[in-house]
Amino acid sequence: MNSLFRRNKWNLWRHCSKRKGRIERNVCPRSIPSRKAEHQRPPPPPFPQQPQYKSSPPPVPSCHTQDPTKTKTQTRRTPQPESRAAVATTAMARRTSLPLPLAVAVAALLLLHKPASSSAKDSWLHEKFTTEGHVRAGYDASGRQVTSLILDHESGGGFHSKQKYMYGEFSIQMKLVRGNSAGTVTSFYLTSGEYPGHDEIDMEFMGNATGQPIVLSTNVWANGDGRKEQQFNLWFDPTADFHTYTIIWNDKFVMFVVDGLVIRAFKRHADLPYPGGKPMQVHATIWDGSWWATQHGKVSVDWAYAPFLVSYRGYAVDACMPNGDGKPLSCPKDTDRWMKRQPSDAEWGTIAWARSKFMNYDYCHDGWRFPKGILPPECFRK
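Numbering-wise, the sequence shown is residues 2 to 383 according to the working numbering.
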């Protein structure tokens, strides 16, 4: 037994060997294992900070006085205490004879596999969703559940809600794929799933080459017609940290919100299709969109950078649920906050700001994709 322990310990130590007094990088196993070849190539280059990410967004146009970057919904960063991982790793290295690389690995496992009593505060994934494909769940240092979806040669990953909803506010925090993510698509959306003729509300993030902006594509489907895309270059680096993305859906508006800023509002018209008659489920996915996602399909996924990983946390829903045909909806007590919500004057200002500064595609300016170049009727209404 002692001989076996020494041999295994030596193999682990040799795997995480030291060179010239420094721990060799990219030799120890990653928290999410990838193919063997992945460990034999150098890591992808770091995501350079482009000028569009360094400066704060411009102010709202002069017809509106509110600066969208200074709204109350914006979250300010506060100094963070020393990482639990750093504390646990240092303590473990001092108390045991384990080499530092092994202490790092063990500390990471301890953080990801917390007792039920500490993780019960935020365990939204398996309580509310069904998973498919490559999905990993763990907890960060603050006890929040973090779910990672992974795309590789074999499969993508996703999760969808067990419950269907009829109107509500749906929010999640996402940290997008770092490095060269060209050809990949990550998403957070609602869908009725009844094809053809389904309803759907999309927030899709189309990857790009390293250093290029990631595009947020918003879309509204009604009765199977989804040619209502508006796309935006994000004004921050969505791969460096978590940002909050929200869909507000009521019987008058669909609103798309990024970090508390409304960037699009789709209004209901009585004589036009609108996603209002079919309950929908919440979905999140990562998949290969090489044929469409980056530069109209000109740039495909570079599998040398796989696996691609997107992280989700902080899921929140406040919504009505259907009770069957002809029965009233089961709704939370305070539904007026989102059920009666429509853009305020200040929010119309942030919509104008996002359109003028960051929109790169609007279906209402793309006549070639519609029969005889005739745009949809809502494009001509206020």
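Heads up, the beta-carbon is just placed ideally off N, CA and C, and yes, glycines get one too.
Quick one: residues in its chain with C-beta nearer than 7 Å to the C-beta of S162, no 5 flanking neighbours on either side, listed in chain order? Position 161 of the sequence shown holds residue 162. The answer, listed in chain order, is K129, F130, Q282, V283.
In three-state DSSP terms, what is R314? Residue numbering aside, residue 314 sits at position 313 when the sequence shown is read from its first letter. It is a strand residue.
Cα separation between H244 and P329? As a first step, residue 244 must be located in the sequence shown, where it is residue number 243. As a first step, residue 329 must be located in the sequence shown, where it is residue number 328. Cα to Cα, H244 sits roughly 35 Å from P329.
The segment 181-192 / the segment 343-358 touching (three or more Cβ pairs under 8 Å): When C-beta atoms of the segment 181-192 are compared with those of the segment 343-358, fewer than three pairs fall below 8 Å, so the two segments do not count as touching.
Distance, Cα to Cα, L126 vs G208? Along the sequence shown, read from residue 1 onward, the residue named residue 126 stands at position 125. Along the sequence shown, read from residue 1 onward, the residue named residue 208 stands at position 207. It is roughly 24 Å from the alpha-carbon of L126 to the alpha-carbon of G208.
Please list, in chain order, all residues of the same chain as V311 whose beta carbon is under 6 Å from its beta carbon, the five residues on each side excluded. Taking the first residue of the sequence shown as position 1, residue 311 is located at position 310. Closer than 6 Å at Cβ, skipping near neighbours: L150, L177, V178, T187, I287.
Is the segment 163-172 in contact with the segment 304-324, if contact means three or more CB pairs nearer than 8 Å? Enough Cβ pairs lie closer than 8 Å, so yes.
Could you give the distance in angstroms between the alpha-carbon of T132 and the alpha-carbon of G298? Position 131 of the sequence shown, counting from 1, holds the residue named residue 132. Position 297 of the sequence shown, counting from 1, holds the residue named residue 298. Their Cα atoms are separated by approximately 28 Å.
Just how far apart, CA to CA, sit Y306 and H199? Walking along the sequence shown from the start, residue 306 turns up at place 305. Walking along the sequence shown from the start, residue 199 turns up at place 198. Roughly 35 Å separates the two Cα atoms.
Taking only the alpha-carbon atoms, compute the straight-line gap between H270 and A210 and give it to the nearest angstrom. The residue you call residue 270 lines up with position 269 of the sequence shown. The residue you call residue 210 lines up with position 209 of the sequence shown. When only Cα atoms are considered, H270 and A210 end up about 39 Å apart.
Going straight from the alpha carbon of S357 to that of G325, what length do you get? Residue mapping note: residue 357 aligns to position 356 of the sequence shown, counting from 1. Residue mapping note: residue 325 aligns to position 324 of the sequence shown, counting from 1. Looking at the backbone, the Cα of S357 and that of G325 are separated by about 43 Å.
According to DSSP, which residues form a beta bridge with S162? Residue 162 sits at position 161 when you count from the first residue of the sequence shown. Looking at the DSSP output, S162 shares a beta bridge with F130.
Would a C-beta distance cut-off of 8 Å place Q231 and Y364 closer than the cut-off? The residue you call residue 231 lines up with position 230 of the sequence shown. The residue you call residue 364 lines up with position 363 of the sequence shown. Using a Cβ distance threshold of 8 Å, Q231 and Y364 count as a contacting pair.
Using the C-alpha atoms, what's the distance from G277 back to F257? For the purposes of this step, residue 257 is taken as the residue at position 256 of the sequence shown. For the purposes of this step, residue 277 is taken as the residue at position 276 of the sequence shown. Approximately 16 Å, taken between the alpha carbons.
Using the Cβ count rule (16 or more neighbours within 10 Å means buried), how would you classify A121? In the sequence shown, counting from the first residue as 1, residue 121 sits at position 120. Confidence in A121 is poor, its pLDDT being 47 and thus under 50, which makes the residue's placement too unreliable to answer from.
Under a three-way DSSP split, which group does F381 fall into? By one-based count along the sequence shown, residue 381 stands at place 380. F381 carries a helical assignment under DSSP once its states are collapsed to helix, strand and coil.
Are W250 and Y168 touching if we call contact CB-CB under 8 Å? Residue numbering aside, residue 250 sits at position 249 when the sequence shown is read from its first letter. Residue numbering aside, residue 168 sits at position 167 when the sequence shown is read from its first letter. With a cutoff of 8 Å on beta-carbon distance, W250 and Y168 are scored as near each other.
Whose C-beta lies closer than 8 Å to the C-beta of P333 among residues of the same chain, with five residues either side of it excluded? As a working mapping, residue 333 is identified with position 332 in the sequence shown. Around P333: D319, A320, C321.
What first and last residue would you give for the beta strand (DSSP E) that runs through T211? Residue mapping note: residue 211 aligns to position 210 of the sequence shown, counting from 1. In the DSSP assignment, T211 falls outside any beta strand (DSSP E) and carries neither an H nor an E.
May I have the straight-line CA-CA distance separating T295 from T336, to the nearest angstrom? Here residue 295 refers to the residue found at position 294 of the sequence shown. Here residue 336 refers to the residue found at position 335 of the sequence shown. If I take the Cα positions, the gap works out to 38 Å.
Between the beta-carbon of G134 and the beta-carbon of V147, is there less than 8 Å? Within the sequence shown, numbered from 1, the residue matching residue 134 stands at position 133. Within the sequence shown, numbered from 1, the residue matching residue 147 stands at position 146. In this structure, V147 does not lie closer than 8 Å to G134 by Cβ.
Among G144, I248, A266, A183, which has the Cα closest to the Cα of W292? Within the sequence shown, numbered from 1, the residue matching residue 292 stands at position 291. The closest CA to that of W292, considering only G144, I248, A266, A183, is found on A183.
Taking C-alpha atoms, which residue in R137, K268, D238, I264 lies nearest to D252? As a first step, residue 252 is located in the sequence shown; it is residue number 251 there, counting from the start. Minimum Cα-Cα distance from D252 among the listed residues R137, K268, D238, I264 corresponds to K268.
With a threshold of 16 other CB atoms inside 10 Å of the CB of P378, please say whether the residue is buried or exposed. Within the sequence shown, residue 378 is the residue found at index 377, counting from 1. Label assigned to P378: exposed.
Comparing C-alpha positions only, which one of A355, R342, L273 sits nearest to G381? Here residue 381 is taken as the residue at index 380 of the sequence shown, counted from 1. Note on residue identity: the sequence assigns Phe, not Gly, to residue 381. With distances taken between Cα atoms, F381 lies closest to L273.
Inspect the beta-carbon positions of I264 and F233 and report whether they are closer than 8 Å. By one-based count along the sequence shown, residue 264 stands at place 263. By one-based count along the sequence shown, residue 233 stands at place 232. A contact, by the Cβ cut-off of 8 Å.
Using the Cβ count rule (16 or more neighbours within 10 Å means buried), how would you classify G290? As a first step, residue 290 is located in the sequence shown; it is residue number 289 there, counting from the start. It is buried - the Cβ of G290 has at least 16 other Cβ atoms within 10 Å.
I'd like the span of the beta strand (DSSP E) that includes K176, first residue to last. Your numbering for residue 176 matches position 175 in the sequence shown. Boundaries of the beta strand (DSSP E) around K176: 169-176.
Less than 8 Å between the beta carbons of R228 and R370, yes or no? Counting from 1 along the sequence shown, the entry for residue 228 is found at position 227. Counting from 1 along the sequence shown, the entry for residue 370 is found at position 369. Yes, Cβ-Cβ distance for R228 and R370 is below 8 Å.
Measure the alpha-carbon distance for T247 versus D141 and round it to whole angstroms. Reading the sequence shown from its first residue, position 246 is the one you call residue 247. Reading the sequence shown from its first residue, position 140 is the one you call residue 141. Straight-line spacing of the CA atoms in T247 and D141 works out to 22 Å.
State the Cα-Cα distance for the pair S331 and K279, rounded to the nearest angstrom. As a first step, residue 331 must be located in the sequence shown, where it is residue number 330. As a first step, residue 279 must be located in the sequence shown, where it is residue number 278. Taking C-alpha positions only, S331 is separated from K279 by approximately 15 Å.
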